[in-house]
Every structure is written in C-alpha cells, then in structure tokens.
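Trainee: For reference, the structure I am asking about is given below.
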C-alpha cells in the first residue's frame, strides 16, 4: 500500500530573477524526460559521471531520518538502498512540480515536503533534526560564485542537521581539465539560458567551503562532476 504525499509547507520570500530562472526550467514536461535525458544519457556520455556512481552515494550515506534538498524527480531516493524500510523523509525544493514528482514517486515513505529557497534560511522543517542531507545536482543551478552559494546553502540547512549528520551530494563543475568539448558546449549553453550558473565553478572553492563548515569532508572528481561527503558540522562560529 502507498501513502498519499502530504501537502507542501511553503515559506518563500522575494526571489531574484536568477534564482527563478535556475528552477523554472524544470516543468512537468522536462521532469518527465529527465531520467532518460540527464541520468541516462548526459551523465554517462557528456559529464562522464555514470548515474550508478551517484546512486551508490545515496545508498552509502542515507539515514533513517533524511532531508533531500533539490529533489529532481526523486529517482535517487526511489532507487537507493535505505538502512530502514520506513525512513522519515523530508523533501525541500523551490519548484513545486519537482516536489510533486518526487513525493509521488516515493509516496510509500509518506514524505513531508516544504517549498523553500535553498539560499535563504529554511526555518523550521518537518522531521528535523536530520541525520543525513543530500544536495544532488543543486549547486550548479544556484546563482553566484561557488564559494558564496555553497556557504549560503550550508548556513541555510546546517541548523536542521543533527550533531553527527552527514551531508552528501554532487555538482557539475567548469574545471577545464575534466570537461570534454561536448560537455563544455552544453555547459555554456545552459549558462546562457540561465538553467545553470556554474561557468566559474571550480573544485577548489567547493573543497575549501566544505572544509570550513565540517570537521570531516571529502571531494571526488568524476568526469565533470564533483561528488562530496561531509560530516560533523562545525558550530556556526567556527565555520
């Protein structure tokens, strides 16, 4: 038996045009093709980061009390190996179409949902504090330089994390050494359209920002994608 997803909890203030553009592309038609187009084709042949690697990232770090920020289609939460058959899952996204798609896909978990801008304080979230938080393919859609937007995202969600929580995720970078010519072309195209905001995103900024915010962290480059895992968040005055 499946459960009906709960209604969305919404707390969103004024949004910049860049923030709106980064999420507006993910309408229900795009989401319907996302798994095939992005996870099936682009990940393997353009970004050279097979989706199986990202699936393993989820299975390795999910907990029984989990927060997913930037939910996509819910593919990874659906396919992951959970540590418990009945996890408590909270989904956060600015895009209500994505929230609907993801919450419907994992309706068996009766996920809680919240409409939030990840660059602003998320406030009180249902299900907090969380023992694991995923931010997969989100940072490259957020406006601003990588150090600033990563810092803003961490400041936003860190109050919802338990003392020994794990943060994990991935983002597409613009590092020249890891991008093929087709990948560079597609990255530039998405940036012109406002879907991506990562033309100057490089691994050093991600590594430094995570290192300042967490006692432990690891960043791995897989093709044009950086995966990351960070644990034991520092108190705010130590970040």
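In the working numbering, the protein residues as written are 233 to 471.
Built from N, CA and C at the ideal position, the CB exists for glycine as well.
Please read these numbers as outputs of a predicted model, since none were measured by experiment.
(1) By Cβ distance, which residues of its chain are closer than 6 Å to residue 398, with the 5 residues on each side in sequence left out?
(2) For the alpha helix (DSSP H) containing residue 179, list its first residue and its last residue.
(3) Give a yes or no on contact between the segment 452-461 and the segment 376-394, applying the rule of three or more CB pairs nearer than 8 Å.
(4) Could you give the DSSP three-state label for residue 459: helix, strand or coil?
(5) Could you tell me whether the segment 274-281 touches the segment 411-424, using the rule of 3 or more Cβ pairs below 8 Å?
(6) Can you tell me which residues form a DSSP beta bridge with residue 299?
(7) Go ahead and pull the three-state DSSP assignment for residue 313.
(8) With DSSP as the reference, please indicate the residues paired to residue 465 in a beta bridge.
(9) Between residue 324 and the rest of its own chain, which residues show a CB-CB distance below 6 Å, the 5 nearest in sequence each way excluded?
Mentor: Taking the geometry as given:
(1) 293, 364 and 463
(2) The shown model of the chain, from 233 to 471, leaves out residue 179, and the question about it has no answer.
(3) no
(4) strand
(5) yes
(6) 322 and 365
(7) coil
(8) 446
(9) 301, 346 and 348
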